[in-house]
Amino acid sequence: MDVAATVSERYPGLDPGPLPTLSESVEADLHHLETERLKRDLAAMVAMDATIARSIASNMMTGVASAETTAGAIKLQSWWRQRVAQAKLATLMLEKFEADEARQRLREQRLVEDTLQLLDRWDVLVDGARLNLNMLDWHCKTT
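Residue numbers (full-length UniProt numbering): 1 to 143.
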(Lines of atoms letter the chains of each structure in order from A and count residues from 1; the text may use other names and numbers.)
(Lines give C-alpha, C1' and ligand atoms only; values in the text may rest on other atoms or scores of the structure.)
Protein backbone atom coordinates (compact mmCIF):
# COMPACT_ATOMS: atom_id res chain seq x y z
CA MET A 1 0.00 0.00 0.00
CA ASP A 2 1.36 3.37 -1.01
CA VAL A 3 1.21 5.78 1.95
CA ALA A 4 1.55 8.85 -0.27
CA ALA A 5 -1.42 7.76 -2.39
CA THR A 6 -3.53 7.08 0.70
CA VAL A 7 -2.69 10.50 2.14
CA SER A 8 -3.55 12.16 -1.19
CA GLU A 9 -6.91 10.39 -1.29
CA ARG A 10 -7.85 11.24 2.27
CA TYR A 11 -6.52 14.78 2.28
CA PRO A 12 -6.81 16.33 -1.18
CA GLY A 13 -4.47 19.24 -1.68
CA LEU A 14 -1.96 17.93 0.84
CA ASP A 15 1.46 17.37 -0.67
CA PRO A 16 2.61 13.96 0.56
CA GLY A 17 6.28 14.79 0.09
CA PRO A 18 9.04 13.38 2.24
CA LEU A 19 8.40 13.36 5.96
CA PRO A 20 9.86 16.44 7.64
CA THR A 21 12.38 16.27 10.42
CA LEU A 22 11.28 17.30 13.88
CA SER A 23 12.80 20.78 13.66
CA GLU A 24 11.23 21.38 10.23
CA SER A 25 7.89 20.14 11.50
CA VAL A 26 8.00 22.44 14.53
CA GLU A 27 8.98 25.44 12.41
CA ALA A 28 6.25 24.70 9.89
CA ASP A 29 3.59 24.21 12.54
CA LEU A 30 4.65 27.10 14.76
CA HIS A 31 2.32 29.55 13.04
CA HIS A 32 -0.53 27.04 13.19
CA LEU A 33 0.15 26.34 16.88
CA GLU A 34 0.23 30.07 17.64
CA THR A 35 -3.08 30.51 15.82
CA GLU A 36 -4.65 27.67 17.79
CA ARG A 37 -3.37 29.16 21.04
CA LEU A 38 -4.87 32.51 20.12
CA LYS A 39 -8.18 30.82 19.28
CA ARG A 40 -8.16 29.09 22.66
CA ASP A 41 -7.38 32.34 24.45
CA LEU A 42 -10.09 34.10 22.48
CA ALA A 43 -12.58 31.39 23.48
CA ALA A 44 -11.65 31.98 27.13
CA MET A 45 -12.14 35.70 26.65
CA VAL A 46 -15.53 35.09 25.02
CA ALA A 47 -16.54 33.20 28.12
CA MET A 48 -15.42 36.15 30.26
CA ASP A 49 -16.79 39.10 28.34
CA ALA A 50 -18.58 38.31 25.10
CA THR A 51 -18.95 41.89 23.85
CA ILE A 52 -15.30 42.84 24.19
CA ALA A 53 -14.15 39.52 22.79
CA ARG A 54 -16.39 39.89 19.73
CA SER A 55 -15.03 43.34 19.04
CA ILE A 56 -11.47 42.06 19.45
CA ALA A 57 -12.20 39.15 17.11
CA SER A 58 -13.75 41.38 14.45
CA ASN A 59 -10.84 43.80 14.61
CA MET A 60 -8.38 40.91 14.44
CA MET A 61 -10.04 39.85 11.20
CA THR A 62 -9.86 43.35 9.69
CA GLY A 63 -6.44 44.11 11.13
CA VAL A 64 -7.62 47.53 12.32
CA ALA A 65 -7.34 48.13 16.04
CA SER A 66 -9.61 50.80 17.46
CA ALA A 67 -9.17 52.64 20.74
CA GLU A 68 -12.25 50.87 22.15
CA THR A 69 -10.87 47.48 21.25
CA THR A 70 -7.48 48.28 22.70
CA ALA A 71 -9.04 49.62 25.90
CA GLY A 72 -11.33 46.60 26.08
CA ALA A 73 -8.43 44.23 25.55
CA ILE A 74 -6.41 45.97 28.26
CA LYS A 75 -9.41 45.87 30.59
CA LEU A 76 -9.99 42.20 29.84
CA GLN A 77 -6.33 41.30 30.27
CA SER A 78 -6.24 43.21 33.54
CA TRP A 79 -9.37 41.45 34.74
CA TRP A 80 -7.99 38.07 33.71
CA ARG A 81 -4.64 38.67 35.43
CA GLN A 82 -6.47 39.81 38.55
CA ARG A 83 -8.52 36.59 38.58
CA VAL A 84 -5.40 34.49 38.08
CA ALA A 85 -3.65 36.36 40.90
CA GLN A 86 -6.68 35.90 43.17
CA ALA A 87 -6.74 32.18 42.42
CA LYS A 88 -3.02 31.91 43.15
CA LEU A 89 -3.44 33.90 46.37
CA ALA A 90 -6.30 31.63 47.44
CA THR A 91 -4.15 28.58 46.74
CA LEU A 92 -1.23 30.01 48.72
CA MET A 93 -3.50 30.98 51.61
CA LEU A 94 -4.99 27.47 51.67
CA GLU A 95 -1.50 25.94 51.68
CA LYS A 96 -0.47 28.27 54.54
CA PHE A 97 -3.63 27.39 56.47
CA GLU A 98 -3.00 23.66 56.00
CA ALA A 99 0.64 24.07 57.11
CA ASP A 100 -0.45 26.05 60.18
CA GLU A 101 -3.06 23.40 61.01
CA ALA A 102 -0.44 20.65 60.64
CA ARG A 103 1.94 22.54 62.96
CA GLN A 104 -0.87 23.04 65.49
CA ARG A 105 -1.80 19.33 65.39
CA LEU A 106 1.86 18.37 65.84
CA ARG A 107 2.16 20.76 68.80
CA GLU A 108 -1.00 19.35 70.38
CA GLN A 109 0.22 15.80 69.80
CA ARG A 110 3.52 16.60 71.52
CA LEU A 111 1.67 18.17 74.45
CA VAL A 112 -0.49 15.06 74.80
CA GLU A 113 2.57 12.80 74.65
CA ASP A 114 4.37 14.93 77.26
CA THR A 115 1.30 14.87 79.50
CA LEU A 116 1.02 11.09 79.19
CA GLN A 117 4.71 10.72 80.07
CA LEU A 118 4.24 12.94 83.13
CA LEU A 119 1.21 10.90 84.20
CA ASP A 120 3.18 7.68 83.76
CA ARG A 121 5.99 9.10 85.92
CA TRP A 122 3.44 10.27 88.47
CA ASP A 123 1.93 6.78 88.58
CA VAL A 124 5.40 5.31 89.16
CA LEU A 125 6.05 7.81 91.94
CA VAL A 126 2.67 7.16 93.56
CA ASP A 127 3.16 3.41 93.31
CA GLY A 128 6.62 3.80 94.83
CA ALA A 129 5.25 5.95 97.64
CA ARG A 130 2.52 3.37 98.37
CA LEU A 131 5.11 0.62 98.41
CA ASN A 132 7.22 2.65 100.84
CA LEU A 133 4.17 3.28 103.06
CA ASN A 134 3.26 -0.40 103.01
CA MET A 135 6.81 -1.36 103.92
CA LEU A 136 6.87 1.24 106.69
CA ASP A 137 3.51 0.01 107.97
CA TRP A 138 4.74 -3.59 107.89
CA HIS A 139 7.94 -2.58 109.64
CA CYS A 140 5.99 -0.75 112.34
CA LYS A 141 3.73 -3.74 112.90
CA THR A 142 6.59 -6.17 113.16
CA THR A 143 8.63 -4.17 115.60
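Backbone N, C-alpha and C define an ideal beta-carbon position, used for all residues, glycine too.
**Message:** Rounded to whole angstroms, what is the Cα-Cα separation between R37 and M93?
**Reply:** 31 Å
**Message:** Please state the DSSP three-state secondary structure of T91.
**Reply:** helix
**Message:** Less than 7 Å between C-beta atoms, sequence neighbours within five positions excluded: which residues of the same chain meet that for N132?
**Reply:** Taken in chain order, the list of residues that qualify is empty.
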